[in-house]
Amino acid sequence: MKKTGDEFFDSKEFQLLYLRYEEAESNGHPLFFDVEELIDIADYFNFIGEKAKAMLLIDEACQRFPHATLPNIFLFREAIARNDLNEAKQILSRVVDRTDPEYLLAVGELYLAQDKTDDAERVFNRFYDMLPDDEKDHGAIDIAEIYFTYAKPKMVFKWLNGLQDKETKEVGAMVAKVNFLMGNYQDCKKAAMTLLDKNPYDALMWTLLANTQNMLDDNEEALSSAEFAIAINPDLADAICAKANALFKLDNMKEAKLWYERYLELVPNDACSLLYYGMILNNLEQYPQAIEHLNDALDETLSTDLDNKQLLRSIRQELTYAESRQLIREGRKEEARCRFEEHLSYCDDELDPRFRWAFLLMTNGDEEEAYRIIDEIKGRYSAAAINPYLALLYWEIKDEQLFLDYLQRSIESDPKQTQELLGPLFPDNLMPEDYYSYIISQLNTDDE
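Letter 387 of the sequence shown, counting from 1, is numbered 865 in the working numbering, and no numbers are missing.
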């Protein structure tokens with residue numbers, strides 16, 4: 479079995495259980511395990527990314543113990559992950575013991591999935607009150623974990639602040655994750671590194687550190703941290719995604735493509751990763767494949783009830799570029815232009831769509847016509863409106879001098895607009911006034 483960095487799965491107790499399972503499997507013997515043992519083994523397979531094996535064990539548990547709490551809670555969380563609340567409610571209805579603490583946690587989570595925090599808190603308090611004193615800290619951490627999943631940091635800290643022992647590694651891990659959720663990336667990095675000093679085999683913590691370093695634009699370090707996580711657990715989807723993201727930010731598109739493909743085999747419905755994968759395919763001029771995956775990203779995003787306006791805009795914009803470039807490749811430039819302007823009607827800024835068309839022509843190698851369009855329309859806009867777009871254009875076509883020129887103009891004319899449009903090119907905690915000096919320092923580093 480694989481070393482996971484998880485205290486229970488790496489324990490002698492679980493290793494002996496797993497050896498019994500492995501022996502039964504290899505000899506074709508029936509699985510004489512109780513429901514808790516079956517769930518522990520299923521949780522292990524789920525943890526290391528072997529979902530199919532986990533589900534086979536869950537099916538076995540449900541057949542033998544159809545009304546048991548644990549296998550139904552496992553299926554409940556699968557339904558919640560798919561945002562299928564009706565299926566989640568139906569699964570919970572199969573549980574007979576409505577006083578089981580695991581059942582109460584699931585009911586509270588179902589309320590949170592419906593954005594009913596007060597009802598969730600009522601159930602969580604009931605769950606907490608029924609626990610013996612020596613289990614209350616563990617129960618509070620379970621509640622905090624659920625609140626973390628639903629991006630409610632204040633409620634996470636409320637439950638953590640009530641702990642008797644705040645110095646455990648579980649609390650440290652939760653504090654690190656909440657700092658990440660709140661955008662306190664330096665604090666998250668510090669907490670994660672402290673925990674890894676104590677347990678260097680924690681794949682989840684290496685993954686959190688990698689994600690934090692990606693957010694701080696420490697992309698080489700992020701790549702290294704993700705690789706540590708993958709070395710410990712080769713099938714850990716979040717670590718694979720973190721490595722793909724680091725490679726993407728390092729502009730290593732071919733390698734990033736391979737790692738996004740590996741990630742999407744494990745998590746095929748991740749709209750953000752489908753977007754990045756589509757962007758890579760665009761970059762590699764594989765437009766038909768880009769269109770296919772960007773449409774998948776669009777469908778996945780539209781199928782959820784979450785507020786994803788920015789994600790939708792990014793997907794549609796990238797899809798427009800892919801479709802238009804493919805039409806240009808086929809010699810259908812006028813059709814591409816019409817399609818381009820039609821599809822960009824969703825944009826909520828007031829920039830002339832022809833500028834975006836010029837942007838596409840520029841990145842497609844048709845610089846003469848692009849410059850003609852830019853010269854024709856840029857006089858209609860103030861410097862504050864046009865400069866950040868010109869900076870972005872020259873960034874995309876890798877014209878270093880013109881990018882720096884228009885970046886500086888953009889900062890001087892409208893720092894806020896500069897941050898809104900060009901912010902994704904820079905570390906999150908960097909003020910727009912520092913963008914120019916940051917780029918200069920990066921260029922100087924590259925020259926050394």
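Note that beta-carbon positions come from the ideal geometry of N, C-alpha and C, so glycine has one too.
Around residue 595, the same chain offers 589, 630, 633 as residues with beta carbons nearer than 8 Å, after the five sequence neighbours per side are excluded. Burial check for residue 510: the Cβ neighbour count within 10 Å stays below 16, so the residue is exposed. Just so you know, the alpha carbons of residue 641 and residue 625 end up roughly 16 Å apart. In this structure, the CA atom of residue 612 is about 33 Å from the CA atom of residue 563.
Per the C-alpha coordinates, the member of 711, 713, 764, 712 positioned closest to residue 735 is 764. When DSSP states are grouped into helix, strand and coil, residue 653 belongs to the helix group. Apart from sequence neighbours up to five positions away, the residues of its chain that approach residue 525 with a beta-carbon distance below 7 Å are 482, 484, 487, ordered along the chain. In this structure, the straight-line span from the alpha carbon of residue 834 to that of residue 819 is close to 9 Å. When only Cα atoms are considered, residue 675 and residue 738 end up about 29 Å apart.
For residue 524, the enclosing alpha helix (DSSP H) starts and ends at 513-525. Cβ atoms of residue 517 and residue 549 come within 8 Å of each other, at about 6 Å. The beta carbons of residue 700 and residue 692 sit about 4 Å from each other, so the pair counts as a contact at 8 Å. In the three-state reduction of the DSSP assignment, residue 663 falls in the helix class. Just so you know, the alpha carbons of residue 759 and residue 919 end up roughly 30 Å apart. Measuring C-alpha to C-alpha distances from residue 869 to each of 859, 886, 646, 623 identifies 886 as the nearest. Around the Cβ of residue 771, a 10 Å sphere holds 16 or more other Cβ atoms; the residue is buried. Short of 8 Å from the beta carbon of residue 697, and not among the five residues preceding or following it, lie these beta carbons of its own chain, in chain order: 691, 724, 727, 728. Excluding sequence positions up to five before and after residue 720, its CB lies within less than 8 Å of the CB of 685, 688, 689, 692, 700, 703, 704, 707, all in the same chain and listed in chain order. Distance from the CA of residue 553 to the CA of residue 569, rounded to the nearest whole angstrom, comes to 7 Å. Separation of the CB atoms of residue 669 and residue 681 is rounded to 17 Å, and the pair is thereby denied contact status at 8 Å. Note on residue 814: 16 or more other CB atoms within 10 angstroms of its CB, so buried under the neighbour-count rule. Residue 520 and residue 776 have their C-alpha atoms some 32 Å from each other.
A Cβ-Cβ distance of about 16 Å is found for the pair residue 627 and residue 580, leaving them out of contact under the 8 Å criterion. Cα atoms of residue 871 and residue 839: separation of roughly 11 Å, rounded to the nearest angstrom. Secondary structure within the stretch 840-906: not one fully enclosed beta strand (DSSP E) run of 3 or more consecutive residues is present. Residue 618: member of the alpha helix (DSSP H) spanning 614-627, first to last residue.
With a 10 Å radius around the Cβ and a threshold of 16 neighbouring Cβ atoms, residue 897 comes out buried. With respect to the C-alpha of residue 508, the residue from 538, 911, 652, 877 having the closest C-alpha is 538. Judged by DSSP in its simplified three-state form, residue 601 adopts helix. Distance between residue 804 and residue 766, taken at the CA atoms: about 7 Å. A straight-line Cα-Cα distance of about 34 Å links residue 731 and residue 533.
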